[in-house]
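Below: one structure, written as structure tokens.
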Amino acid sequence: MTSRGGGSAALIGPEEPDDVRAIRALTLAAFPDQPAVAELVELIRASSDYVPGLALVARYDSEVVGHVMISHAALVDDRGVRRRVGVLSPLSVLPRRQRQGIGRLLVTSALRSAEAHGEPLVVLEGSPHYYPRLGFEPAAAHGITIELPDWAPPEAAMVHLLSGYRPEHRGRVEYPPAFDGI
2 MTSRGGGSAA LIGPEEPDDV RAIRALTLAA FPDQPAVAEL VELIRASSDY VPGLALVARY
62 DSEVVGHVMI SHAALVDDRG VRRRVGVLSP LSVLPRRQRQ GIGRLLVTSA LRSAEAHGEP
122 LVVLEGSPHY YPRLGFEPAA AHGITIELPD WAPPEAAMVH LLSGYRPEHR GRVEYPPAFD
182 GI
């Protein structure tokens, strides 16, 4: 997958072990006031909720300029039944490469990969102005509850349904321990 910006094309592919340092640096640059986000990436990668094929990077030439992860969380219904779902977090793009379509390309590529991987849906906490353009909808409309920080509007709880979605995919999203520090 490619995106044009600044006269060259961004290539999207799975993260590789050699990308780890660059991913940390770009995440710190994208979230300068939230160093816990870079730690989140490392904690997810070290957990059983990490899905290697759902962690993608964007490259311009040989430079890693963007990164996205879809890892696993639990969707717990009112009877206590747990179902595995995808959670998109974080999405990072180097500040000097933002607004060039890299984030959009990373998200759409990650969603296609999640579909191929058999995920039923992907949830996230994010901008209600950005993510609906990429097919995300309010999670509450599908009976999905995401606990949000006090500062986040209710519309920040979103879901993207994939072909494996079934009506029984309802309930409360339970994030894995990697997310405790965020």
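All residue numbers for the sequence shown refer to this note's numbering, where the first residue is 2 and numbers rise by one. Note that CB positions come from ideal geometry on N, CA and C, so glycine has one too.
Can you tell me whether residue i is helix, strand or coil according to DSSP?
i: L163; result: coil
i: R80; result: coil
i: P18; result: helix
i: R134; result: helix
i: A47; result: coil
i: R60; result: strand
Mind checking whether residue i and residue j have CB atoms under 8 Å apart?
i: L95; j: I71; result: no
i: S114; j: L55; result: yes
i: L27; j: V66; result: yes
Mark residue i as exposed unless 16 or more other C-beta atoms lie within 10 angstroms of its C-beta, in which case mark it buried.
i: V124; result: buried
i: E64; result: exposed
i: E17; result: exposed
i: P91; result: buried
i: E126; result: buried
i: V82; result: exposed
i: G172; result: buried
i: S110; result: buried
Taking the DSSP output, what are the residues bridged to residue i?
i: L88; result: The amino acid at residue 88 is misidentified as Leu; the sequence shows Val. According to DSSP, which records beta bridges pairwise, V88 is partnered with S72, V124.
i: E175; result: A75
i: S93; result: H68
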